[in-house]
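*Asks:*
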């Protein structure tokens, strides 16, 4: 008797969870979009007042994993366009993969790097350097590449601390856990970080693979009209302006 | 009439021991199992209740078979019409005196017997108190009353007065006699207090090392025992 | 701007988990106390496992077990229309496993301390096992029951590692207070993060206070 009521409880709760709602979308987004996407969603909701738009931020690799295990997201914004392309190959997408910009990495610190990245990072006063975890965060991989390009990776490796995603990486630096960090330009440009009076130096594009960002509508949102509206919004000019304000340059 | 025959291998501090007993009790009798500690007396009581299973045995109560190891019959304690007073009284701490007695009622049994017993054991004033507020002697009386609520075929008393002083002991002995007569019980008492045994019993079974060495009226068996004990003390 | 959703979600999760856990744990603790089978030692060890197992380990195996990509997850989805990853229901299952020892152990310990003669007395008075459990055993381990319920509830409230693995971070579905806290710190919203943290801290403190008071009171009454 106990087992039956348990199953019943689960069914009831389950139905509430899986109910398809056309006024609601759940977005999985790379952490570098935190401030940019928050702004975009606010603008979008202005035009769709009754819409419920939720965003879960995380490292692109992690979100890709979750989506592969059927996490119930409707759209996926990835800092590395590779992930949405892979999802499309495995047949769990409901639209084309759209590039929405190119990300840039910067060195951020409360101390002034004075445009000389290599020397700055090697300074003894820089005891810890934060980068995103290269295993699943695209920004982390690019940071590694840039460090190798400047031939300082081996000497700096002992000082590296890894953030779960690029947001946490930035948080490490602002909280003082690391004296410097390689973070996303979009985060350095955010109001939260701007007011801290830090310094940033944009790392030249030729020192690492490009951070092509892309998004896609996922299969679970196939019949979700709001998801489609959001996709179109992202492809429009208003969105493009906001994105470039946050440092996402078009290719 | 009650017929008991049991064989069981027991392990005690004194080593291995073979319990091997055979006895009968007549209806309405009050008999005592008398003997030193470790003789197996408590095991006999527990087997009668169904709380202990012998290696071999047979228990016949009137025309009911409670245990027959040969025919694989072994009634559970719930199925045996028995009342037992444990050495630690085992009163339910969460229930009052009255509730402890009411718990014992059989399905459909009228609760008049509860008040009857409360009066008989002079517990009426204490009926709404929980066991933790009662003295040893009072708890004793509650345990005794509770064991009788169901009007069992056999009443078993496992060294019920071992924790009480002499004056209280005499009082409790009075109560035991009182209920034994009023409810026409068949009672088996376990004790190693000579005075008590003499006062209460119709018959005595002398037990040692798991066997019944002798049986008879208290006047026949016990004086020899008392002498033995006194001599033993003198020699020391 | 106060977000109430994580609090509501956390409270719902803790309540449902505690209720189900109680119904499952009483029979289990009873079996552990009174069973004669030697296998009960194995079961006892398994039950205690979540106490020392890193939450992420538990979360990892649950993720593998329940993922719709794997056999069991597929079965659940096909026949019961049930998904246990990234859903509230999944969190309930994970929480039940994670908080199991906190409910079972106090009840088991309480039962162990009761004199065997209580059970025997009840049997000789003609009562069966269920009546004995409900009218004699449980009422006499009230302190243990309260401790078990309060500890399990509080433990579920504080859950993080398992939820992160199995729940993702989905608003109003799996974003409980501990996850929301993590989120806000990452986003550098220290004000909001502090709100969550202080609430959890106060709650944990209150819980311990209740447990100690209840146990203290029962010790006092036993001295009489």
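Protein chains in written order, with this note's numbering: chain A, 1 to 251; chain B, 1001 to 1236; chain C, 2001 to 2224. Quick reminder that beta carbons are idealized off the backbone N, C-alpha and C, glycines included.
1. Quick one, are the C-beta atoms of residue 2165/C and residue 2088/C less than 7 Å apart?
2. Is it the case that the Cβ atoms of residue 51/A and residue 23/A are separated by a distance below 7 Å?
3. Who pairs with residue 54/A in a beta bridge, going by DSSP?
4. List the residues of chain C that residue 174/A touches, going by C-beta distances under 8 Å, in chain order.
5. Are the segment 2142-2152 of chain C and the segment 2003-2011 of chain C touching, with three or more C-beta to C-beta distances below 8 Å?
6. So which of 1068/B, 1194/B, 1072/B and 1221/B has the shortest CA-CA distance to residue 1005/B?
7. Please tell me whether residue 1128/B and residue 1166/B are closer than 7 Å, where the distance is taken between their beta carbons.
8. Taking just the CA atoms, how far does residue 80/A sit from residue 211/A?
9. At a CB-CB cut-off below 8 Å, which residues of chain A make contact with residue 2170/C?
10. Going by DSSP, what residue range makes up the alpha helix (DSSP H) through residue 2005/C?
11. Residue 171/A: buried (16+ other C-beta within 10 angstroms of its C-beta) or exposed?
12. Relative to the C-alpha of residue 2130/C, which candidate in 2005/C, 2025/C and 2030/C has its C-alpha closest?
13. Beta-carbon within less than 8 Å of residue 1219/B's beta-carbon, same chain only, minus the 5 sequence neighbours each way: which residues are those?
14. Are residue 1032/B and residue 1191/B closer than 7 Å when you measure CB to CB?
15. Quick check: is the beta carbon of residue 60/A nearer than 7 Å to any beta carbon in chain C?
16. Taking all protein chains shown into account, decide if residue 2216/C is buried (16 or more other Cβ within 10 angstroms of its Cβ) or exposed.
17. So with Cβ pairs under 7 Å, would you call residue 1138/B a contact of chain C?
18. Excluding the 5 residues flanking residue 19/A on each side, which residues of the same chain have their C-beta closer than 7 Å to its C-beta?
19. Whose C-alpha, out of 2179/C, 2064/C, 2116/C and 2201/C, is nearest the C-alpha of residue 2003/C?
20. For chain C, is any of its Cβ atoms less than 7 Å away from the one on residue 247/A?
21. Taking its Cβ as the centre, do 16 or more other Cβ atoms sit within 10 Å of residue 2015/C, making it buried, or is it exposed?
22. Does any residue of chain C bring its CB to less than 7 Å from the CB of residue 167/A?
23. Am I right that residue 248/A and residue 190/A are in contact with their C-beta atoms under 8 Å? What's the rounded C-beta distance?
24. For residue 1096/B, which three-state DSSP category applies?
25. Between the segment 2115-2125 of chain C and the segment 2195-2215 of chain C, do at least 3 Cβ pairs fall closer than 8 Å?
26. Roughly how many angstroms lie between the CA atoms of residue 118/A and residue 245/A, to the nearest whole one?
27. From the DSSP output, in three-state form, read off residue 1197/B for me.
28. Could you pull the DSSP bridge partners for residue 2141/C from this structure?
29. Mind checking if residue 2068/C is an interface residue toward chain A, Cβ cutoff 7 Å exclusive?
30. Using the beta-carbon of each residue, which ones in chain C are nearer than 7 Å to residue 1082/B?
31. Along the chain, where does the alpha helix (DSSP H) that runs through residue 1024/B open and close?
32. Is it the case that the segment 1175-1191 of chain B contacts the segment 1146-1158 of chain B, given that we only count it when at least three CB pairs across the two stretches are under 8 Å?
33. On the three-state DSSP scale, how would you describe residue 201/A?
34. I need the boundaries of the beta strand (DSSP E) containing residue 1186/B, first residue and last residue.
35. Okay, do the segment 1202-1217 of chain B and the segment 1056-1064 of chain B touch, 3+ Cβ pairs below 8 Å being the bar?
36. Check the Cβ-Cβ distances between residue 2118/C and every residue of chain B, and say whether any is below 7 Å.
*Replies:* With the structure as the only source:
1. no
2. Yes, the pair counts as a contact, with Cβ atoms nearer than the cut-off.
3. 26/A
4. 2188
5. no
6. 1068/B
7. no
8. Straight across, the Cα-Cα distance linking residue 211/A with residue 80/A is about 6 Å.
9. 26, 54, 56, 71 and 72
10. 2005-2034
11. buried
12. 2030/C
13. 1198
14. For residue 1032/B and residue 1191/B, yes; Cβs fall inside 7 Å.
15. Under the Cβ distance rule, residue 60/A does not count among the residues neighbouring chain C, no pair being separated by less than 7 Å.
16. exposed
17. no
18. Its pLDDT being 47, under 50, residue 19/A is placed unreliably by the model, and the measurement read from it follows with that caveat. Taken in chain order, the list of residues that qualify is empty.
19. 2179/C
20. Interface criterion not met: the Cβ of residue 247/A is under 7 Å from no Cβ in chain C.
21. Burial is judged here by how many other beta carbons sit within 10 angstroms of a residue's own beta carbon; residue 2015/C has fewer than 16 and is exposed.
22. Among the CB atoms of chain C, one or more fall inside 7 Å of the CB of residue 167/A.
23. The pair is not a contact, with the Cβ atoms about 12 Å apart (cut-off 8 Å).
24. In the structure shown, residue 1096/B sits in coil (DSSP, three-state: anything other than H, G, I, E or B).
25. no
26. 28 Å
27. Helix, per DSSP.
28. Paired residue(s): none; residue 2141/C is not in a bridge.
29. yes
30. Those are 2124, listed as they occur along chain C.
31. Not the alpha helix (DSSP H): residue 1024/B falls in the beta strand (DSSP E), residues 1015-1025.
32. yes
33. Residue state, collapsed to three classes: strand.
34. 1186-1191
35. no
36. yes
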